[in-house]
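Data first, discussion second: the structure below is written as C-alpha cells.
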RNA sequence: GCGAGAGUGGCGGAAUUGGCAGACGCGCUGGACUUAGGAUCCAGUCCCGCAAGGGGUGCAGGUUCAAAUCCUGUCUCUCGCACCA
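In this note's numbering, the protein residues as written are 7 to 961.
Given below as C-alpha cells:
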C-alpha cells in the first residue's frame with residue numbers, strides 16, 4: 007500500500023505538531039534569535055489565495071531551517087480583521103461584522119494549518135480583538151499626547167510644549183487650543199474624498215486618478231471634520247533612517263519618492279495691504295517694506311502684505327514673469343480686483359466642484375484666470391501679474407508659486423496659453439536636446455542646469471552657485487530663506503465606518519448640545535472604548551456622516567462631572583491595527599503594557615519581514631512612523647521596526663493565448679489590434695471593436711518573436727499571463743491544489759517557480775512536476791510494494807562511496823548557501839539532482855537519506871517527518887541539527903577542463919585538479935580535436951587559467 | 001514625462017569577482033513494461049545541417065585571448081509616481 011499519500015500524511019503531522027506544541031516560541035530567546043514576520047492577511051470571505059502561501063512558505067522555510075541551526079525563532083500569525091467588506095456585508099444581510107469576521111478568520115486559520123506552517127499559534131491575534139484595539143487606542147492617546155520638537159527632531163509630551171506668552175495671556179482655553187494645534191493627532195475641517203458608492207471617505211492614497219483604488223468608483227471632494235496624524239513631522243527621519251535598513255533599493259526608492267523631499271527656497275513677494283486701482287502695490291510702501299525686512303529679518307509666518315512662495319530654482323527669480331496661487335489659497339478674494347471678481351469666483355467654484363479625476367483629466371490644457379493684482383519681484387522691483395490656476399496645489403509648499411515660463415514646463419505651457427512674457431535667464435550652452443537660440447529667445451523651455459543670463463549682477467554664475475548665493479543674499483535682506491518641502495502629506499486618519507477602532511475621544515457639548523470644538527481624551531486606564539453592542543445596519547448610507555452617529559444614545563453620549571460629551575463617531579482606518587501588531591505578537595496577553603520591555607528588547611527588531619509589494623509605501627511608512635513615536639516615548643528600543651524586508655512577487659494566472667475576431671468572426675492579427683481610450687481592443691485599420699478570444703495552446707505555434715495560429719500563420723495571437731481575478735476566471739484555489747497534490751507539493755511548487763521576488767505565472771503542470779519529485783523521494787526511501795511502511799531494500803547502513811559522498815556534501819553545501827540567500831528555487835533543484843542520482847544507486851546509505859530528509863524538511867515538512875520516522879526516529883525532526891558539509895569530501899582528483907581555439911570550444915581534457923599551466927597546455931595540445939584546429943596555424947598566445955580553461959589564439 | 005526593475009529554448013527558470021550558455025522542472029518525441037495509462041522506467045530535446053560545421057542570451061556597436069555577464073547607444077515589457085513648483 008504505502009504509496010506517497012499526502013492526504014493521510016499531512017493531517018497526521020499537523021495534529022502531532024499541535025499536540026506537542028512543537029513550534030512554541032520561548033518568552034525570551036535563548037542565545038541567537040530571529041524574528042520572522044509575515045504580513046498578516048485580511049481574512050476575506052474568499053479565503054486564501056495562492057499568493058498568500060508564497061511569502062508564508064518562504065518565511066516558514068527560513069524558520070524551520072533556523073530552528074535546526076539552534077536559533078530561537080519567533081514566527082507568529084494573526085489577522086488584519088477590520089475592513090469594509092464585512093461592514094458592507096452587514097448592510098446587505100444584517101449580519102454583524104464581528105460574526106462575518108470570525109467566520110472568515112476560522113476559514114483562513116483552517117487553510118493556513120492545512121499548509122503546515124510552523125507558527126506559534128498561541129500568539130495568534132486579530133486587530134478586532136477588543137483587548138488588541140484597547141492597545142491601539144492607547145497608542146492613539148500617545149499620538150494625541152505628543153508634539154514634535156523640530157529642534158530635537160523628536161516627539162515629546164504635550165505637557166512640555168512651550169506656550170508663547172501671548173497665548174497664555176489669553177487664558178486656559180487658548181492654551182488648550184494651542185496645544186491641540188500642535189498634537190501629532192489633530193482635527194481639521196478639510197475637503198475629503200467622499201466616495202458615494204463605497205459610502206466612505208478615502209485617504210488620498212486610496213484615490214488613484216480621481217477614482218477609488220478599490221472598485222474604481224468616482225470620488226468627490228466635500229468638507230468634513232477629520233482626524234489627521236502629523237506624519238510629515240517625521241518625514242526627515244523616515245527618509246534618513248531608510249539608509250540603515252536592509253531593504254531592496256527599489257522599495258527604498260519608492261518610499262523616498264513618496265516622501266518626496268526637495269530643497270529650495272521660500273521667497274516673499276510684496277503685494278501690499280491695499281493695491282492701487284491698477285492692481286499694483288504702491289512703490290513707496292514697497293520701499294518701506296524692503297527697509298523693514300532688512301532690519302527685522304524674514305518672519306516665520308508671512309504677513310498679510312506678502313505672497314510667500316516656494317521654489318527649488320531661486321536662481322530663476324529674474325525670469326519670474328507672473329505668479330500663480332491655488333484656487334483654495336486664502337488670499338484669492340483679497341487679491342481679486344472688482345473687474346475680475348466674477349471670473350475668479352466662477353473659476354474657483356468650478357475648481358472646487360471638480361473631482362481629482364477632472365483635474366487630472368484636464369491636465370493637458372492649462373486653465374487659469376487673472377486676479378487683476380500684481381506682486382513685486384523682490385530681485386528687480388518689477389510688478390508681475392498674479393493668476394489663479396488649478397495647476398498649483400494648495401497642499402504643497404505655500405500654495406503659491408512664482409512662474410518662470412522659460413525654465414519650467416508647466417509655466418511655459420501656461421504662459422503660451424495666455425500670452426504671458428517668457429524671459430530666459432538660464433543659458434543652456436551646449437546642452438543636449440535643446441536649441442540654445444530658441445531657449446534664449448523664449449521659444450523653447452529649458453529646465454536643466456546652465457549659466458545665468460539676464461540676472462543682473464548674477465550673470466555668468468552656474469546654476470548651483472547661483473542658488474547658493476541668492477539664498478544667502480535673500481536671507482540677508484530678510485526676503486527669503488532656504489526651505490525643505492515634502493510631497494508626503496499628513497495622514498487622514500478617520501473613516502466613516504462602523505467596523506473600525508473607535509477613537510478614545512470625547513467632544514465637549516454646550517448647553518444646547520452643540521459641539522464646542524474642545525475635546526477630551528479618555529484616560530488610558532478606562533480603555534477600551536468598545537463598539538456599541540446594539541447596532542442597526544442600514545443598507546443605504548447616502549451621506550458621509552459616520553454610521554456611529556446612529557449608535558444608541560447611551561453609547562454616544564457620556565456625562566462626566568455633570569458635563570455632557572459626545573463620543574467621536576469616526577473610526578480609525580484599517581492601517582491602524584497593522585501599524586504595531588509585530589509588537590503585540592511578542593507579548594499578546596499582557597494587560598499592563600503594549601509589550602513587556604524585557605521581551606521587546608530581547609526580540610526586536612523584526613529580522614525578516616516578507617509581504618507583497620503593494621504595501622511598499624503605505625503600511626510600511628505608517629508602521630515606521632508609529633514605531634518612531636513609540637521610540638521617542640521609550641516604549642520600544644529600536645529606531646526602526648523591520649530590519650530586512652523582502653517583497654514576494656505576484657503570482658499570475660496560467661499563461662493564456664488570446665486572438666482577436668471582428669464582427670464576422672474573422673480573425674484579426676494581434677499586430678493590427680490596439681486599445682482605444684476606454685481600454686477596449688479595436689482594429690488599427692478600421693477602428694472597429696474586435697473581440698478577444700481565448701485560444702488553446704495546442705492551436706498556436708511560435709513564429710519569430712511571437713505566436714501565430716497553426717491554421718493561419720498570418721494571424722498573430724497575444725501570449726501572456728494575467729493577474730488572477732474572479733472576472734477572468736483564472737483564480738487558483740489552494741484548497742483544490744492541496745486536495746489534488748498535497749500541501750507539501752503546493753509549498754514546494756511555489757518555491758520552485760522562480761525567485762521569490764519575481765512575478766511568475768502559475769502552472770498546474772508545474773505542481774504535478776514537483777509532486778513527481780516528492781513521489782521519487784518517497785520511492786527512494788520507502789518500499790512501495792510492501793503492505794507495511796518499510797524501508798526500501800536499497801536503504802542500508804552502509805558506507806558512502808566516494809562519489810556518493812561527494813554528491814551528498816555538494817548538495818548540503820549548495821542547499822545551505824541557497825537557503826541563506828533565500829534562493830529556494832535552486833535549493834530545490836539541487837535536491838532533485840541528489841534524488842536523481844541516488845535513485846540510480848543500488849545501495850542508498852541510510853545516513854545520506856537522513857540528511858536529504860532533513861534538508862527537505864523546511865520545504866516539505868509533512869513528508870519529511872514521515873520519512874524521518876521510517877528511518878528510525880521517534881521524535882519530530884524540527885530541532886534536529888542541520889547537516890554540515892565536509893569541504894574535503896568535495897575535492898575530486900581530476901577535473902574536466904574546456905579547451906578553446908580562438909575563443910571557440912574545441913575539446914575537453916581531463917586533468918589532475920592540481921595540474922599546472924605547462925601540464926594543462928600540453929594536455930590541451932594533445933587533444934586530437936584541438937590538434938586538428940591548431941594544425942598549420944601559428945600559436946600567437948596561450949591563455950591558461952588553472953582549474954578553469956585553456957584558450958589558444960592562433961594566426 | 002519622472003523613478004525602479006526586467007528582456008536567455010515551446011514554457012517556468014539556471015549560470016554575474018568576464019571563463020564549457022541552457023542546471024532543475026514542465027512540455028514534447030521515441031522506446032520499455034502493461035488489459036489499460038494522466039502510473040513507472042529508459043533515451044532524446046537551443047536553432048540550421050545527413051554530417052563536418054555554422055549560428056545563438058531583445059537589437060546595433062565597443063572593450064577583451066574570452067561577454068548572458070563590462071561599456072555606449074537603442075527598442076520592448078512590467079511596476080510605481082504623476083501639474084509636488
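Glycine is no exception: its CB is placed at the ideal position from the N, C-alpha and C atoms.
Please classify residue i as buried or exposed, where buried requires at least 16 other C-beta atoms within 10 Å of its C-beta.
i, result
"residue 842", "exposed"
"residue 630", "buried"
"residue 223", "exposed"
"residue 718", "exposed"
"residue 946", "exposed"
"residue 972", "Past the boundaries of the shown model lies residue 972; the chain is included only from 7 to 961, so the question cannot be answered."
"residue 368", "In this predicted model, residue 368 has a pLDDT of only 47, less than 50, meaning its place in the structure is not dependable enough to derive any value."
"residue 721", "buried"
"residue 12", "buried"
"residue 490", "exposed"
"residue 158", "exposed"
"residue 4", "Residue 4 lies beyond the range of the chain shown here (7 to 961); nothing can be said about it."
"residue 4", "Nothing can be reported for residue 4, as the shown portion of the chain is limited to 7 through 961."
"residue 795", "exposed"
"residue 858", "buried"
"residue 628", "buried"
Tell me the residue span of the beta strand (DSSP E) that contains residue i.
i, result
"residue 99", "Where residue 99 is concerned, there is no enclosing beta strand (DSSP E), although the alpha helix (DSSP H) it sits in stretches over 90 to 99."
"residue 316", "312 to 317"
"residue 947", "945 to 951"
"residue 662", "657 to 667"
"residue 328", "328 to 331"
"residue 511", "511 to 515"
"residue 408", "406 to 409"
Could you check where the alpha helix (DSSP H) with residue i kicks off and where it finishes?
i, result
"residue 776", "770 to 787"
"residue 57", "57 to 74"
"residue 197", "No alpha helix (DSSP H) holds residue 197; the beta strand (DSSP E) holding it covers 191 to 201."
"residue 822", "808 to 826"
"residue 187", "178 to 188"
"residue 257", "255 to 265"
"residue 295", "289 to 302"
I believe residue i touches residue j by the beta-carbon criterion, under 8 Å. Please report the beta-carbon distance rounded to the nearest angstrom.
i, j, result
"residue 864", "residue 806", "At roughly 23 Å, the Cβ-Cβ gap does not stay under 8 Å, so residue 864 and residue 806 are not in contact."
"residue 575", "residue 552", "4 Å"
"residue 8", "residue 792", "7 Å"
"residue 754", "residue 866", "5 Å"
"residue 652", "residue 67", "The Cβ separation is near 12 Å, so there is no contact."
Closest to residue i by C-alpha separation, out of the options, would be which residue?
i, options, result
"residue 920", "933, 912, 937, 900", "900"
"residue 813", "856, 895, 778, 768", "895"
"residue 350", "386, 396, 748", "396"
"residue 130", "903, 160, 84, 891", "84"
"residue 616", "70, 42, 20", "42"
"residue 723", "285, 661, 51, 356", "661"
"residue 695", "676, 634, 701", "676"
"residue 404", "578, 450, 331", "331"
"residue 621", "678, 654, 862", "654"
"residue 537", "506, 530, 705, 543", "506"
Pairs of beta-carbons, one from the region 176 to 191 and one from the region 157 to 168, closer than 8 Å: are there three or more? yes
Using a Cβ distance threshold of 8 Å, determine whether the region 631 to 651 contacts the region 249 to 265, with at least three qualifying pairs required. Contact between the region 631 to 651 and the region 249 to 265 is present: 3 or more CB-CB pairs across the two stretches fall below 8 Å.
Between the region 736 to 750 and the region 26 to 38, do three or more beta carbon pairs fall short of 8 Å? no
Inter-stretch contact (C-beta, 8 Å, three-pair minimum) for the region 306 to 320 and the region 271 to 286: yes
The region 332 to 347 in contact with the region 425 to 437 per 3-pair CB rule at 8 Å: no
Tell me, please, whether the region 338 to 349 touches the region 254 to 264 by the rule of three or more beta-carbon pairs shorter than 8 Å. Judged by Cβ distances under 8 Å, the region 338 to 349 makes no contact with the region 254 to 264, as fewer than three pairs qualify.
Is the region 399 to 419 in contact with the region 299 to 306, if contact means three or more CB pairs nearer than 8 Å? By the Cβ criterion, the region 399 to 419 is not in contact with the region 299 to 306, since fewer than three pairs of Cβ atoms, one from each stretch, lie closer than 8 Å.
Is the region 471 to 484 close to the region 320 to 327, with three or more CB pairs under 8 Å? yes
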